[in-house]
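Peer 1: Numbering (UniProt numbering) for the sequence shown: 1 to 216.
Ideal Cβ positions, reconstructed from N, Cα and C, are used throughout, including at glycine.
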Amino acid sequence: MKIKVSIVDDNSFLIHAIKEKLLFFDDIEIKHTALNGSELLTKLEENHNLDIILMDIEMPVLNGVETTQMVKQKYPQIKIIMLTAFDNDEHIFNAIKAGADGYLLKEISPEELYKGIKETLNGGAAMNPSIALKTLKLLRNPIDIDNLKDKEEISLTKREVEVLEQLSKGLSYTAIAKNLFLSPSTVRKHIENSYKKLQVHSKIEAVQKAKRHNII
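1. Check this for me: beta carbons of G64 and D51, under 9 angstroms apart or not?
2. If you draw a straight line from the alpha carbon of E160 to that of S194, how long is it in whole angstroms?
3. Considering just the uninterrupted stretch of the beta strand (DSSP E) at S130, what are its terminal residues?
4. Give me whichever residues DSSP pairs with K4 in a beta bridge.
5. Three Cβ pairs or more, each shorter than 8 angstroms: is that satisfied between the stretch 24-39 and the stretch 100-118?
6. Pairing CB atoms from the stretch 62-76 with CB atoms from the stretch 99-116, are three or more of them under 8 angstroms?
7. How about I92 and I53: are their beta carbons less than 9 angstroms apart?
8. In or out: A126 buried (at least 16 other Cβ within 10 Å) or exposed?
9. What's the gap between the Cα of T174 and the Cα of H190?
10. Rounded to the nearest angstrom, what separates T157 and I216 at their Cα positions?
11. Hey, K31 and N47: beta-carbon distance below 9 angstroms or not?
12. How big is the Cα-Cα spacing for residue 220 and L104?
13. Output needed for K79: all residues of its chain with C-beta closer than 7 angstroms, excluding positions within five of it in sequence on either side, in chain order.
The following block contains the structure:
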């Protein structure tokens, strides 16, 4: 019995590269390829006799995470392995939440890719080691998951972080100014900017939020 595979990637060169890797194995048959999630869904409507989909994450029209969710709702029997160039924490978590059965990096060797496909079809989960490690970390620190989105939006300057660190020790504006060789009005400006970026209104809130996001 041949393993029927579909490859979804917005880069046709990468589709070709994955095809080349799978050509080594006689029991793999590439049913179809698609350049985005929307194209894949159309092809599945015509023929969903598939065993496994190798899915890119960052694609136009319909990305890999959204597509995975839709495919899993409609065709839960089809296994999906995310094939991505990045082991980005938020992607990993969202893909797993959407129902992905495995998560591998694109630069994988043909043997490892084949092993991952077989493993997933046998009820396992194909996972690149660095991704497995990140997934464990995410599970150990669920609070990080809630903060991933916020963390990306909070970018304080080195100075603002230094001022916040001093503030967290309970120091006054004047003491902070002295320690950092700044004027008290500059310290006040840095603190105002930090409040704005952190979306808080008090010293306590600012310090708590910065700690929660590992900023200080």
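Peer 2: Working from what's here:
1. Sequence index remark: in the sequence shown, residue 64 carries index 64 (1-based). Sequence index remark: in the sequence shown, residue 51 carries index 51 (1-based). Their beta carbons are not under 9 angstroms apart, which means G64 does not touch D51 by this criterion.
2. Position 160 of the sequence shown, counted from the first residue, corresponds to residue 160. Position 194 of the sequence shown, counted from the first residue, corresponds to residue 194. Cα-Cα distance, rounded: 6 angstroms.
3. Taking the first residue of the sequence shown as 1, we reach residue 130 at position 130. From DSSP, S130 is part of no beta strand (DSSP E) but of the alpha helix (DSSP H) over 129-140.
4. On the sequence shown, residue 4 is found 4 positions in, with the first residue counted as 1. Partner(s): E29.
5. yes
6. Judged by Cβ distances under 8 angstroms, the stretch 62-76 makes contact with the stretch 99-116, as three or more pairs qualify.
7. Along the sequence shown, read from residue 1 onward, the residue named residue 92 stands at position 92. Along the sequence shown, read from residue 1 onward, the residue named residue 53 stands at position 53. Not closer than 9 angstroms, so no.
8. The residue labelled residue 126 in the question sits at position 126 within the sequence shown. Flag for A126 reads buried.
9. The residue you call residue 174 lines up with position 174 of the sequence shown. The residue you call residue 190 lines up with position 190 of the sequence shown. Taking the straight line from one Cα to the other gives about 13 angstroms.
10. Residue numbering aside, residue 157 sits at position 157 when the sequence shown is read from its first letter. Residue numbering aside, residue 216 sits at position 216 when the sequence shown is read from its first letter. The alpha-carbon atoms of T157 and I216 are separated by roughly 12 angstroms.
11. In the sequence shown, the residue the question calls residue 31 occupies position 31. In the sequence shown, the residue the question calls residue 47 occupies position 47. In contact: K31 and N47 (Cβ atoms closer than 9 angstroms).
12. Within the shown structure, residues of the chain are numbered from 1 to 216, placing residue 220 beyond reach of any answer.
13. Locating residue 79 in the sequence shown gives position 79, counting from the first residue. Result list for K79: D51, I52, D101, T120, L121, in chain order.
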